[in-house]
Amino acid sequence: MTTLDIKTLALPTSWHMDTVRDVAGPLRLVKWDLRDGPPIPAEEIDAVVFHHPAGEAGLARLGQLPNLKLVQTQSTGYDGFVEAAGGATVANAYGLHAEATAELALGLILAGQRSLFDFAVDQKAHRWAPKQTPGLVDRTVLIIGAGGIGRAIAERLLPFGVTLLRVGQRAREDDLGVIRANTELPALLPQADIVVLITPLNDATRHLVNADFLARLPDGALVVNVARGPVVDTDALLAELRSGRLRAALDVVEPEPLPEDHPLWDAPNTLITPHVGGRSEALKPRLSAFLRDQVGRIARGERLLNIVS
């Protein structure tokens, strides 16, 4: 008997199949990316490695598997999965994306603080237009989210000579210093030159960044979102961007993908990347090692990693 009595595991691509084949033991492996109906009777599939390009349609298909026992995500975030899994166990890929997402967060911060996006536009126009930029040294950076990715971002920012303010669900300390409780946010926001969002999406953080939150930030502050799009109230952010008071660098947005005619594309002082925080070439070998470990645990009947529900 395997963990959760799993007999059939659906994997999204041939790469996934080849990665775990030699550690799957008695498990039956089926290739299915959830973009359409399952290739075998739905009742025979009891575990799924979720293919994130399948999106909302893929989540809906999870509810069509009557004997589903496990959903393994390939992301750190698991918003929507617990509900879609309908009581099945959900495990995430905690830790795999931390370094890559931290790299992108740092890139977005530097692009915003040194106007790299503007200079790229100038280059395309063959325009030599030097200007003074805000820079990063001596700035105060408020990181909202004190998990693994938040820590990785903090570690990369410290050598730049910034003042770090970190906020988590509860007040505590670690080897990097003080982590403040989220109840302190109203007092911390006016101090922040840069706000980095890397909090999980849940009922408490949905539209955390609303009109009141943004109004507390000082003029010229940079809002960096590498968490989830719905953490930010898009309309409230748009109003501040259009006024020219705030700036933004966004890897995630609401809605997502962003429609071609959405006004956020043309908002001033805004840089948008298409949710690529974890999409580094470093991810594939890390994901391979994780999936081999996890599938081996299923096959051997051992406790699974990263269970979130």
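Each residue of the sequence shown is one higher than the one before, counting from 157 in the numbering used here. By construction, the Cβ of each residue, glycine as well, lies at the ideal position given by its N, Cα and C atoms. Every value quoted in this text rests on a predicted model; they were computed, and no experiment measured them.
- By the Cβ criterion, the region 269 to 287 is not in contact with the region 428 to 448, since fewer than three pairs of Cβ atoms, one from each stretch, lie closer than 8 Å.
- Assignment of beta strand (DSSP E) within the region 212 to 240, counting only whole runs of 3 or more residues, yields 226 to 228 in chain order.
- Your pair residue 201 and residue 221 checks out as a contact, with CB atoms roughly 5 Å apart and the cut at 8 Å.
- In the three-state DSSP reduction, residue 338 falls in the helix class (H, G or I).
- When the Cα atoms are used, residue 173 and residue 425 turn out to be separated by approximately 44 Å.
- C-alpha of residue 338 to C-alpha of residue 355: approximately 11 Å in a straight line.
- Taking all protein chains in view, the Cβ of residue 410 is crowded by 16 or more other Cβ atoms within 10 Å, so the residue is classified as buried.
- Taking C-beta separations shorter than 7 Å and ignoring five residues to either side along the sequence, the partners of residue 361 in its chain run 355, 387, following chain order.
- With contacts defined by Cβ atoms closer than 9 Å, residue 323 and residue 335 form a contacting pair.
- In the DSSP secondary-structure assignment, residue 353 is bridged to 300, 381.
- Residue 164: member of the beta strand (DSSP E) spanning 164 to 167, first to last residue.
- A residue is called buried when at least 16 other Cβ atoms come within 10 angstroms of its Cβ; residue 168 meets this threshold and is buried.
- Secondary structure remark: continuous alpha helix (DSSP H) runs of at least 4 residues inside the region 387 to 418, in chain order: 390 to 399.
- Taking residue 207 as the centre and dropping the five residues before and after it, the same chain places the C-beta of 168, 189, 190, 214 closer than 7 Å to its C-beta, in chain order.
- For residue 340, the closest of 277, 300, 179, 330 by C-alpha to C-alpha distance is 300.
- When 308, 347, 365, 249 are compared, the shortest CA-CA separation from residue 332 is found for 308.
- Of the other Cβ atoms in all chains shown, 16 or more fall within 10 Å of the Cβ of residue 267; this residue is therefore buried.
- By alpha-carbon distance to residue 357, the top candidate from 211, 219, 233 is 233.
- Looking from the CA of residue 211, the closest CA among 413, 365, 175 belongs to 413.
- Proximity to residue 449 across 178, 261, 170 peaks at 178, based on C-alpha coordinates.
- Per DSSP, residue 247 is one residue of the beta strand (DSSP E) stretching across 245 to 247.
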